[in-house]
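Please read the structure below before turning to the comments.
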Amino acid sequence: MAFHLYDTASRQIRELVPVVPGRVSIYHCGLTVQGPPHIGHIRKEVVFDVLRRWLERSGLEVSIVANVTDIDDKILAKGAEQGRPWFAVAYENERALHAAYEVLGCTPPTYEPRATGVVPEMIEMMQQLIERGHAYPADNGSGDVYFDVRSWPAYGELSHQKVDDMLPAEDAPPEGKRDGRDFALWKGHKDGDPESASWPTPWGRGRPGWHLECSAMAAKYLGPEFDIHGGGLDLRFPHHENELAQSRAAGQAFARFWMHNAMLNLSGAKMSKSVGNTLMVSEVVKRVRPIDLRYYLAASHYRSIVEFSEESLAEAATAFQRVEGFVRRATALTGLGELTDVPADFAAAMDDDLSVPAALAILQGRVSDGNSLLAAGASDELAIVLAEVRSMLDVLGLDPSSPTWDRGGDDAASAQVIDSLVGGLLEQRQQARAAKDFATADRVRDQLAAAGIEIEDTPQGARWSVKG
RNA sequence: GGUGGGUUGGCCGAGAGGCGAGGCAACGGACUGCAAAUCCGUUUACACGGGUUCAAAUCCCGUACCCACCUCCA
Numbered sequence: 017m018a019f020h021l022y023d024t025a026s027r028q029i030r031e032l033v034p035v036v037p038g039r040v041s042i043y044h045c046g047l048t049v050q051g052p053p054h055i056g057h058i059r060k061e062v063v064f065d066v067l068r069r070w071l072e073r074s075g076l077e078v079s080i081v082a083n084v085t086d087i088d089d090k091i092l093a094k095g096a097e098q099g100r101p102w103f104a105v106a107y108e109n110e111r112a113l114h115a116a117y118e119v120l121g122c123t124p125p126t127y128e129p130r131a132t133g134v135v136p137e138m139i140e141m142m143q144q145l146i147e148r149g150h151a152y153p154a155d156n157g158s159g160d161v162y163f164d165v166r167s168w169p170a171y172g173e174l175s176h177q178k179v180d181d182m183l184p185a186e187d188a189p190p191e192g193k194r195d196g197r198d199f200a201l202w203k204g205h206k207d208g209d210p211e212s213a214s215w216p217t218p219w220g221r222g223r224p225g226w227h228l229e230c231s232a233m234a235a236k237y238l239g240p241e242f243d244i245h246g247g248g249l250d251l252r253f254p255h256h257e258n259e260l261a262q263s264r265a266a267g268q269a270f271a272r273f274w275m276h277n278a279m280l281n282l283s284g285a286k287m288s289k290s291v292g293n294t295l296m297v298s299e300v301v302k303r304v305r306p307i308d309l310r311y312y313l314a315a316s317h318y319r320s321i322v323e324f325s326e327e328s329l330a331e332a333a334t335a336f337q338r339v340e341g342f343v344r345r346a347t348a349l350t351g352l353g354e355l356t357d358v359p360a361d362f363a364a365a366m367d368d369d370l371s372v373p374a375a376l377a378i379l380q381g382r383v384s385d386g387n388s389l390l391a392a393g394a395s396d397e398l399a400i401v402l403a404e405v406r407s408m409l410d411v412l413g414l415d416p417s418s419p420t421w422d423r424g425g426d427d428a429a430s431a432q433v434i435d436s437l438v439g440g441l442l443e444q445r446q447q448a449r450a451a452k453d454f455a456t457a458d459r460v461r462d463q464l465a466a467a468g469i470e471i472e473d474t475p476q477g478a479r480w481s482v483k484g
């Protein structure tokens, strides 16, 4: 079965047939870097990282472009507030985003352009839109340039709304607009805004409008037609609707699929800076292992709302640790081995609009099989199950054996010291058990547990691990 | 006011006309010196009211509640 994906525009699950055979091009809206990323933002990154991994595993070459919107009202306001350049604010938060990718094992995008880097392309596109009669400079001298919504009959095709039902766009004062729904392609320079936040254009100095940025970047890096345009569901309107209108009005075919991930809610509302119910990635990973957080974020279907709670996060961590425990135990017996093909039913689930929950059910089933085999010690069959389980985990970016999840810091020398100390205690415990001195044996176990070390008694003897 | 999506067992979470996904928790059993881990088993779910059908959690109509978008937003 070939890969099928839900398309928001047509509201159908369709087979993905790439524009260029063998290669998939994806654009998804990155962050407006007005603050560090919260776990709702990073959910989107995990979703697209899983998509990329699955497509690559299916033998396709994948290009992903995710923009960084490094200029907007809030970034300018924060710069002014903090008494430093707006670009210092933007860059600091861009680095925080990269740190979040890193800690959760998300491969960075193929290209990650900044909005301020495509100003010439935006000017060119505006000129083209004005020539074609789809845009106009404001006639009130503001320096704004607007898209003429009435000139584009298809406007509303993505969010399935009629222009007359829409409320006026409030991104600019209505005086300069022909219609209240017209939206800004470009924002004229205002008194009080820093000079560094403006660029010259045929219509005066000004700065990029949000919607046009993405159209310009998508065209520059992926060409006039590409496979998938993604982003959070909250961007469907107006942002994506506007992008689609601009790019098509400029003569481009644009995205074949629109893929929107659902929101992550906290306390019944979308996690967002404006509501103030945010949990920063950098904070959460201090108390939850990053790999457990990734499992939690990846485990739900991407089109389902995730209602965040500490309980469900803890539950996800437990579920993942069962899988991880199998990988650890099996690896100890058979060695790591090579990755292999994923089971056909797992592949079918992933091909069906990235049905990770169904795929996880198959993974869990294999883990059960593997755990049963484990009792008999090493076997070829066990090695096969291990390879399959790790391959499935790899697709989800959750293979605990991957170097991604190595927590730097413990150097080989101290690891050896710990190994030898724990080994000595385990030996003492074994002797006590042999002598049926269970009080001593349990005392040793308690002592190790207090130090954060778990003991597992197996047919091959006791094994220890540091509790996660 | 307009446009979408949702409501599933103690909890999380899939499914989309007939066969009870999976996980977590709980309980029982196996294993264990006792545990832990693991395995096996058990726990008669689909918001409410109508309708269509031989058959509805799944389709249709209505009601209630929740979420998102129509302002900046992943």
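Numbering (our numbering) for the first sequence: 17 to 484.
Every residue gets a Cβ at the ideal spot worked out from N, C-alpha and C, and that includes glycine.
{"query": "SER74 beta carbon less than 8 Å from that of PHE19", "result": "yes"}
{"query": "Terminal residues of the alpha helix (DSSP H) in which VAL62 lies", "result": "55 to 73"}
{"query": "Span separating the alpha-carbon of SER481 from that of ALA403", "result": "22 Å"}
{"query": "Burial state of ILE321, where buried means 16 or more other Cβ atoms lie within 10 Å", "result": "exposed"}
{"query": "Extent of the continuous beta strand (DSSP E) to which THR474 belongs", "result": "469 to 474"}
{"query": "Cβ-Cβ separation, GLY381 to VAL405 (assumed contact under 8 Å), whole Å", "result": "Actually they are not in contact, since the Cβ atoms of VAL405 and GLY381 sit about 10 Å apart, beyond 8 Å."}
{"query": "As assigned by DSSP and simplified to three states, the class of TYR171", "result": "coil"}
{"query": "Residue closest to VAL40, alpha-carbon to alpha-carbon, out of LEU21, GLY56, VAL433", "result": "LEU21"}
{"query": "DSSP state of GLN28 mapped onto helix, strand, coil", "result": "strand"}
{"query": "Those residues which DSSP pairs with VAL372 across a bridge", "result": "Partner(s): none; VAL372 has no beta bridge."}
{"query": "Nearest neighbour of ALA151, chosen from ASP357, SER298, PHE103, ALA266 [CA to CA]", "result": "ALA266"}
{"query": "Three or more C-beta pairs below 8 Å linking the segment 227 to 242 and the segment 192 to 211", "result": "yes"}
{"query": "Cβ pair PRO216, TRP102 closer than 8 Å", "result": "no"}
{"query": "Beta strand (DSSP E) runs wholly inside the segment 240 to 320, at least 3 long, in chain order", "result": "241 to 248, 270 to 277, 280 to 282"}
{"query": "Extent of the continuous beta strand (DSSP E) run through ILE42", "result": "39 to 44"}
{"query": "For SER417, the three-state DSSP class (helix, strand or coil)", "result": "coil"}
{"query": "First through last residue of the beta strand (DSSP E) which encompasses LYS203", "result": "199 to 204"}
{"query": "DSSP beta-bridge partners of ARG130", "result": "VAL84"}
{"query": "Identity of the residues DSSP links to THR48 by a beta bridge", "result": "THR85"}
{"query": "The segment 239 to 248 / the segment 270 to 282 touching (three or more Cβ pairs under 8 Å)", "result": "yes"}
{"query": "Nearest-angstrom Cα separation, counted from ALA363 out to ALA375", "result": "8 Å"}
{"query": "Sheet register partners of GLU191 (DSSP bridge)", "result": "Answer is none; GLU191 lacks a bridge partner."}
{"query": "Supposed contact pair ASP361 and SER407 - C-beta distance, whole angstroms, cut 8 Å", "result": "Contact doesn't hold; Cβ gap of about 13 Å is too wide."}
{"query": "Cα-Cα separation, LEU282 to PRO373", "result": "21 Å"}
{"query": "Whole-number beta carbon distance between SER417 and THR350, since they are thought to touch under 8 Å", "result": "The Cβ separation is near 12 Å, so there is no contact."}
{"query": "Of the listed residues THR420, SER371, VAL78, nearest to VAL36 (C-alpha basis)", "result": "VAL78"}
{"query": "Proximity below 8 Å, CB of MET233 to CB of VAL81", "result": "yes"}
{"query": "Distance CB(ASP23)-CB(PHE324) smaller than 8 Å", "result": "no"}
{"query": "Element boundaries [beta strand (DSSP E), containing GLU323]", "result": "322 to 324"}
{"query": "Under 8 Å between C-beta atoms of ASP367 and ILE29", "result": "no"}
{"query": "Counted within 10 angstroms of its Cβ, other Cβ atoms place LYS178 as buried (16 or more) or exposed", "result": "exposed"}
{"query": "Cβ-based burial, ASP65 [other Cβ within 10 Å; buried from 16]", "result": "buried"}
{"query": "Simplified DSSP assignment, three categories, for ASP458", "result": "helix"}
{"query": "For ALA333, the nearest candidate out of LEU309, ALA96, SER371 (CA to CA)", "result": "LEU309"}
{"query": "8 Å Cβ cutoff met for TYR237 and PRO136", "result": "no"}
{"query": "C-alpha gap between GLU118 and ILE434, whole angstroms", "result": "28 Å"}
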